[in-house]
Amino acid sequence: QPELGRKAGISTTMVGAIERGEARLTEDVAAKLSAALGIADGELRESYERARSRPPGTPA
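Numbering (the numbering used here), first residue to last: 8 to 67.
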């Protein structure tokens, strides 16, 4: 998370919250994360939606 946050220019806390589906994924943050990960924006959004729809307590 620290390396991804650094590459994307967002905080480690925000990266973790997005991974858990606890923070809103804005257009700006989605663009930064997908660029840092080298993936399409749509792929990132699909992963985010899967994280948001997991039952509470389910491991990532």
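For glycine and all other residues, C-beta sits at the position ideal for the given N, C-alpha and C.
Separation of residue j from residue i, as counted between CA atoms
i     : j     : result
GLY49 : ARG31 : 15 angstroms
ALA93 : THR65 : The structure shown does not extend to residue 93, since the chain spans only 8 to 67, so no value can be given for it.
ARG27 : ALA58 : 6 angstroms
ARG17 : THR33 : Correcting the residue identity first, residue 17 is Ile in this sequence and not Arg. Cα to Cα, ILE17 sits roughly 12 angstroms from THR33.
VAL36 : SER60 : 20 angstroms
Residues of its chain near residue i, where Cβ-Cβ distance is below 7 angstroms and the 5 sequence neighbours each way are ignored
i     : result
THR19 : GLN8, PRO9 and GLY12
GLY23 : GLN8
Burial state of residue i, where buried means 16 or more other Cβ atoms lie within 10 Å
i     : result
SER54 : buried
ILE25 : buried
Contact belief for residue i with residue j at Cβ below 8 angstroms, rounded distance in angstroms
i     : j     : result
LEU40 : ALA15 : 5 angstroms
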